[in-house]
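> In order, the protein sequences belong to chains Z and G. Counting from 1, position 312 in the first sequence corresponds to residue 312 in UniProt numbering; the numbering is continuous, with no gaps. Counting from 1, position 246 in the second sequence corresponds to residue 246 in UniProt numbering; the numbering is continuous, with no gaps. Each residue gets a CB set at the ideal place from its N, CA and C atoms; glycine is no exception.
There are 2 protein chains.
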Amino acid sequence: MANSLVNIQRSVSCEIQNSWDFLVDRLDDVDLHPMGAKDVLVKILAAPINPSDINMIQGTYAILPDLPATGGNEGVAQVIEVGSQVTSLKTGDWVIPKDAGLGTWRTAAVLSEDDVISLPNDIPLLAAATLGVNPCTAYRMLCDFEDLKPGDSVIQNAANSGVGQAVIQIAAARGLNTINVVRDRPEFTQLSDRLKVIGATHVIKEETLRRPEMKELFKTCPKPKLALNGVGGKSATELLRHLQVGGSMVTYGGMAKQPVTVPVSALIFKDVKVRGFWVTQWKRDHSHDGSAFRDMLDELCSLIRQKKLTAPVCTEVNLQEYRRALDAAMQPYTSAKQVLIM
Amino acid sequence: MANSLVNIQRSVSCEIQNSWDFLVDRLDDVDLHPMGAKDVLVKILAAPINPSDINMIQGTYAILPDLPATGGNEGVAQVIEVGSQVTSLKTGDWVIPKDAGLGTWRTAAVLSEDDVISLPNDIPLLAAATLGVNPCTAYRMLCDFEDLKPGDSVIQNAANSGVGQAVIQIAAARGLNTINVVRDRPEFTQLSDRLKVIGATHVIKEETLRRPEMKELFKTCPKPKLALNGVGGKSATELLRHLQVGGSMVTYGGMAKQPVTVPVSALIFKDVKVRGFWVTQWKRDHSHDGSAFRDMLDELCSLIRQKKLTAPVCTEVNLQEYRRALDAAMQPYTSAKQVLIM
Numbered sequence: 001m002a003n004s005l006v007n008i009q010r011s012v013s014c015e016i017q018n019s020w021d022f023l024v025d026r027l028d029d030v031d032l033h034p035m036g037a038k039d040v041l042v043k044i045l046a047a048p049i050n051p052s053d054i055n056m057i058q059g060t061y062a063i064l065p066d067l068p069a070t071g072g073n074e075g076v077a078q079v080i081e082v083g084s085q086v087t088s089l090k091t092g093d094w095v096i097p098k099d100a101g102l103g104t105w106r107t108a109a110v111l112s113e114d115d116v117i118s119l120p121n122d123i124p125l126l127a128a129a130t131l132g133v134n135p136c137t138a139y140r141m142l143c144d145f146e147d148l149k150p151g152d153s154v155i156q157n158a159a160n161s162g163v164g165q166a167v168i169q170i171a172a173a174r175g176l177n178t179i180n181v182v183r184d185r186p187e188f189t190q191l192s193d194r195l196k197v198i199g200a201t202h203v204i205k206e207e208t209l210r211r212p213e214m215k216e217l218f219k220t221c222p223k224p225k226l227a228l229n230g231v232g233g234k235s236a237t238e239l240l241r242h243l244q245v246g247g248s249m250v251t252y253g254g255m256a257k258q259p260v261t262v263p264v265s266a267l268i269f270k271d272v273k274v275r276g277f278w279v280t281q282w283k284r285d286h287s288h289d290g291s292a293f294r295d296m297l298d299e300l301c302s303l304i305r306q307k308k309l310t311a312p313v314c315t316e317v318n319l320q321e322y323r324r325a326l327d328a329a330m331q332p333y334t335s336a337k338q339v340l341i342m
Numbered sequence: 001m002a003n004s005l006v007n008i009q010r011s012v013s014c015e016i017q018n019s020w021d022f023l024v025d026r027l028d029d030v031d032l033h034p035m036g037a038k039d040v041l042v043k044i045l046a047a048p049i050n051p052s053d054i055n056m057i058q059g060t061y062a063i064l065p066d067l068p069a070t071g072g073n074e075g076v077a078q079v080i081e082v083g084s085q086v087t088s089l090k091t092g093d094w095v096i097p098k099d100a101g102l103g104t105w106r107t108a109a110v111l112s113e114d115d116v117i118s119l120p121n122d123i124p125l126l127a128a129a130t131l132g133v134n135p136c137t138a139y140r141m142l143c144d145f146e147d148l149k150p151g152d153s154v155i156q157n158a159a160n161s162g163v164g165q166a167v168i169q170i171a172a173a174r175g176l177n178t179i180n181v182v183r184d185r186p187e188f189t190q191l192s193d194r195l196k197v198i199g200a201t202h203v204i205k206e207e208t209l210r211r212p213e214m215k216e217l218f219k220t221c222p223k224p225k226l227a228l229n230g231v232g233g234k235s236a237t238e239l240l241r242h243l244q245v246g247g248s249m250v251t252y253g254g255m256a257k258q259p260v261t262v263p264v265s266a267l268i269f270k271d272v273k274v275r276g277f278w279v280t281q282w283k284r285d286h287s288h289d290g291s292a293f294r295d296m297l298d299e300l301c302s303l304i305r306q307k308k309l310t311a312p313v314c315t316e317v318n319l320q321e322y323r324r325a326l327d328a329a330m331q332p333y334t335s336a337k338q339v340l341i342m
């Protein structure tokens, strides 16, 4: 059976070749691996282009696959056929990768049953395709660093990013206030309105962090226990200034490509805790205890069904047009996430 | 009785007057407060000049008393007389302050019983006078941030400071390796030898942190789980580089007057935890549960009796010569701690 599969189905994948120094990508026809007893054949339905995918192609990411490699670390697929010893999945199931590095920018793949985790297929396709990285990052950062209770506050920069929007929505569903910092831009008011519609309590520009308006804001909103930093540099230092005594700042990205600078007095006298979070590592640390991942996905899917968590604004692009999607994903101030549709 | 005490004993105190902007100190005769039923009259025996005392005089410290104020936050005193309702102390007991701000640079004081904690008087005077800040800081940082087991490593800068020397000794008593970073200086070899005599595993210069020698060092010594930073700036960033995945850096001082700069990748991919420690806050947080402070002092005194923990090199200066001691304490590269003797 495995052989016939190879013959009847060919995978089209966006492949990265040669050096990591620059992007050398092309669309290739690749034979599928023969299927083993514990493998599943999946059809990839949709796969986003995340900033970390770009970093991986550029060779600047913490994990790099052997070359040539298929790009893409996230996406949703449908099980087409299961091996004879597969127990956790059946034909028709939706699945997402358990770990980074799977190579999701392709039409089909033969994967080990253990490489994927199932997802209910009653949620929107784009929500499923973008669930495994950003909402999971947002969810864990809101759970694992500070004990947040309804009425508490969270401050974050990059509030318009995929993680940022998930933070706003998950926090709102829990009754948490969010103070959302975005870079100034001509359409600031529209962006602010859009983020408030999905649950943001406050939306402010970076420069407001240094202004007396913040005092006004904190008259009605408690100082944040948790700061989420996807930027680094000055922006991170400004977040720290507004943190409660004993609060935590968690860094999950460094868009500004500058380190996090922490005043000594904030560490000693304000007891701020400066931490980092990487969802890939979290998944690896919890790979032998599937229930934590399962529980998180169940809760996130429940929020999606209640329309409390939606996919970020996405631009759907056919896999054949992947190069245009990559170009768009690398533009600054991109609000829409590029999602490859197979 | 209280009145007669005021008459028979006058306190000579080194007092800080007027503005925090610059040091305006003088030696004054000050009447003692009348004694209450829960007060004790103490004779101060010895009180060190710590960097934080200087910062307090300069007005740059996190806590500043109302002016005019008596300088000094640490020291050992002997109980001369106890009020009628005092239960925890008796005449002859040695005591040290429970909190900062007591003003120890004086010959005598009437204090509340609750302001002080007793100390066995079978340890050397200088060890007692310098026990409450630096060894307590070292002890807590070694206990409260990482679960260190014999054979584990700790890296620290400012290894020749009061805290640094206490870290070396307490760590050695627990079977921990210490990698001790000091600034280069003409007498580096003598300093290195002296720190090794008190238990340092490795003593290296700051620039060595950036050199291939570190690889050699880590062939025989595990990478540190804990980094202790009393400097800030580049020195702190260099410590971070050598930390184990998931390790913690604890900042307790900022001699370089530069912030702690943390690469985003160290936070996200190495999961380093950047924290701060302030022994004054710890004491306040534990003031209603005296047992943690008592247990720590007991363990430190036990190490002192076993000669595993000694006072740092001290220069004893008569209180009348306080100005010379302050000048000496403000010199860079000062190895000897100035201790006022009353």
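With distances taken between CB atoms, is the gap from L125/Z to L45/Z smaller than 9 Å?
Yes.
> Quick check: is the beta carbon of V272/G nearer than 9 Å to any beta carbon in chain Z?
Judged by the 9 Å Cβ criterion, V272/G is in contact with chain Z.
> Look at T137/Z and A166/Z and say whether their C-beta atoms are less than 9 Å apart.
Result yes, Cβ atoms of T137/Z and A166/Z sit closer than 9 Å.
> First and last residue of the beta strand (DSSP E) that includes residue 348/Z?
Coverage of chain Z is limited to positions 1 through 342, which leaves residue 348/Z absent and any answer about it impossible.
> Should H202/Z go down as buried or exposed, given a rule of 16 or more other Cβ atoms within 10 Å for buried?
Buried is the call here.
> Which residues in chain Z have a C-beta closer than 8 Å to the C-beta of A62/G? List them in chain order.
What A62/G touches in chain Z: S265, I268 and F269.
> Does DSSP put I341/G in a helix, a strand or coil?
Three-state DSSP puts I341/G in a strand.
> On a CA-only basis, which of P51/G, V30/G and S88/G is nearest Y252/G? Give me that one, please.
The shortest C-alpha separation from Y252/G is found at P51/G.
> Would you call the CB atoms of Q244/G and K225/G closer than 9 Å?
In this structure, K225/G lies closer than 9 Å to Q244/G by Cβ.
> Pairing CB atoms from the segment 232-248 of chain G with CB atoms from the segment 260-277 of chain G, are three or more of them under 8 Å?
Segments in contact, yes.
> For R26/G, which of helix, strand or coil comes out of DSSP?
In this structure, R26/G counts as strand in the three-state DSSP scheme.
> Below 9 Å between beta carbons: does that hold for K205/Z and F218/Z?
Contact: no.
> Just to make sure I have the definition right: I need the residues of chain G whose C-beta is within less than 7 Å of the C-beta of R323/Z. Which are they?
Result: empty, since nearest Cβ-Cβ is about 28 Å, beyond 7 Å.
> From the DSSP secondary-structure annotation, give me the bridge partner or partners of G50/G.
Checking the displayed sequence, the identity of residue 50/G turns out to be Asn instead of Gly. Paired residues: none, contrary to the question.
> Using a C-beta to C-beta distance shorter than 7 Å, which residues of chain G count as neighbours of R275/Z?
The contacting residues are L267 and K273.
> The segment 277-300 of chain Z: which residues have C-beta closer than 8 Å to a C-beta of chain G, in chain order?
Going along the segment 277-300 of chain Z in chain order, one finds F277, W278 and Q281 with a Cβ nearer than 8 Å to chain G.
> Where do the N-terminal and C-terminal ends of the beta strand (DSSP E) with C314/Z fall, by residue?
Looking at the DSSP string, the run of the beta strand (DSSP E) that includes C314/Z is C314 to N318.
> Which residues bound the alpha helix (DSSP H) around Q165/G?
G162 to A173 is the span of the alpha helix (DSSP H), which, as asked, contains Q165/G.
> With distance defined between alpha-carbon atoms, name the residue in D66/Z, A100/Z and I268/Z nearest to G75/Z.
Closest by alpha carbon: A100/Z.
> Return no unless some Cβ of chain G is closer than 9 Å to the Cβ of Y139/Z.
So, not an interface residue.
> Following the continuous beta strand (DSSP E) through residue 349/Z, name the residue where it begins and the one where it ends.
In the structure displayed, chain Z extends from 1 to 342; residue 349/Z sits before or after that span and is not available.
> Cutting at 6 Å between CB atoms, please list the residues of its own chain near V227/G, excluding the five before and the five after it.
Before going further, note that residue 227/G is Ala rather than Val in the sequence given. If we look at A227/G and ignore the five residues flanking it on each side, its Cβ neighbours are I155, L239, L243 and M249.
> Using 9 Å as the threshold, is the C-beta distance between V182/G and L209/G below it?
In this structure, L209/G does not lie closer than 9 Å to V182/G by Cβ.
> In chain order, which beta strand (DSSP E) runs of at least 3 residues are fully inside the segment 179-255 of chain Z?
Counting only runs of 3 or more, we get 202-205, 226-229 and 248-251.
> Output yes or no for whether 9 Å exceeds the beta carbon distance between V40/G and V82/G.
Yes, the pair counts as a contact, with Cβ atoms nearer than the cut-off.
> Kindly say whether V262/Z, judged by its beta-carbon, lies nearer than 9 Å to any beta-carbon of chain G.
At least one chain G Cβ lies under 9 Å of V262/Z.
> I'd like the list of long-range same chain contacts for K98/G, defined as Cβ closer than 8 Å, with 5 residues on each side in sequence excluded.
D114, D115, V116, I117, K283, S287 and F293, listed in sequence order.
> Should V262/Z go down as buried or exposed, given a rule of 16 or more other Cβ atoms within 10 Å for buried?
V262/Z should be labelled buried.
> Note down the Cα distance separating D147/Z from G199/Z, rounded to an integer number of angstroms.
So the two alpha carbons sit approximately 20 Å from each other.
> Along chain Z, in chain order, which residues have C-beta atoms closer than 9 Å to that of T220/G?
Those do not exist, as T220/G stays about 28 Å from chain Z at its closest Cβ, beyond 9 Å.
> Does the beta-carbon of Q281/G have 16 or more other beta-carbons within 10 angstroms, so that it is buried, or is it exposed?
It is buried - the Cβ of Q281/G has at least 16 other Cβ atoms within 10 Å.
> Using a Cβ-Cβ distance under 9 Å, would G232/Z count as near chain G?
It does: the Cβ of G232/Z has a partner Cβ on chain G nearer than 9 Å.
> Below 7 Å CB to CB, which residues in the same chain sit around N318/Z once its five sequence neighbours on both sides are set aside?
So the list reads I341, once near-sequence residues are dropped.
> Shorter than 9 Å from the beta carbon of G247/G to some beta carbon of chain Z?
Closer than 9 Å: no.
> What does G75/Z touch in chain G if you count any residue whose Cβ is under 8 Å from its own?
Within chain G, no residue comes near G75/Z; the closest Cβ sits about 22 Å away, beyond 8 Å.
> What are the complete beta strand (DSSP E) segments, minimum 3 residues, inside the segment 102-154 of chain Z?
The segment 102-154 of chain Z contains these whole beta strand (DSSP E) runs: 108-112 and 116-119.
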